[in-house]
Amino acid sequence: SHIVDGKKTEEIEKIATKRATIRVAQNIVHKLKEAYLSKSNRIKQKITNEMFIQMTQPIYDSLMNVDRLGIYINPNNEEVFALVRARGFDKDALS
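The following block contains the structure:
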């Protein structure tokens, strides 16, 4: 068992997995924002950056069946990274 900052590997891996899942939600929001901006001439409703930021939590909450594919501990600074894949989402969580 590896210890980082006094925490056991299992706890650190959970935190890294959650951070990686949040990053998946942020990437989805980024793609939505890019699609919106590319079509903004046809869309009259303005969506602010704050609204896109607010979309991250509901998208994160909707992600289902998140698998951790790998874990990496940087030996230089002991920062822990996880690679995750979400297999689906709960559309009702986005309502």
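Here the sequence shown is numbered in the UniProt record's numbering, starting from 1 and rising by one per residue.
All C-beta atoms in this analysis are idealised placements derived from N, C-alpha and C, irrespective of residue type, glycine included.
Between ASN77 and LYS8, the alpha-carbon positions lie close to 16 Å from each other. The C-beta distance from TYR60 to ALA25 rounds to 4 Å, short enough to fall under 8 Å.
Counted as a single uninterrupted DSSP element, the stretch harbouring ASN49 is not any beta strand (DSSP E) but the alpha helix (DSSP H) occupying residues 49–62. Going by beta carbons, MET55 and PHE89 fall outside the 8 Å limit. The continuous beta strand (DSSP E) containing LEU83 extends over residues 80–89.
Looking at the backbone, the Cα of ASN27 and that of LYS33 are separated by about 10 Å. The closest CA to that of LYS31, considering only ILE53, THR17, LYS91 and ASP92, is found on ILE53.
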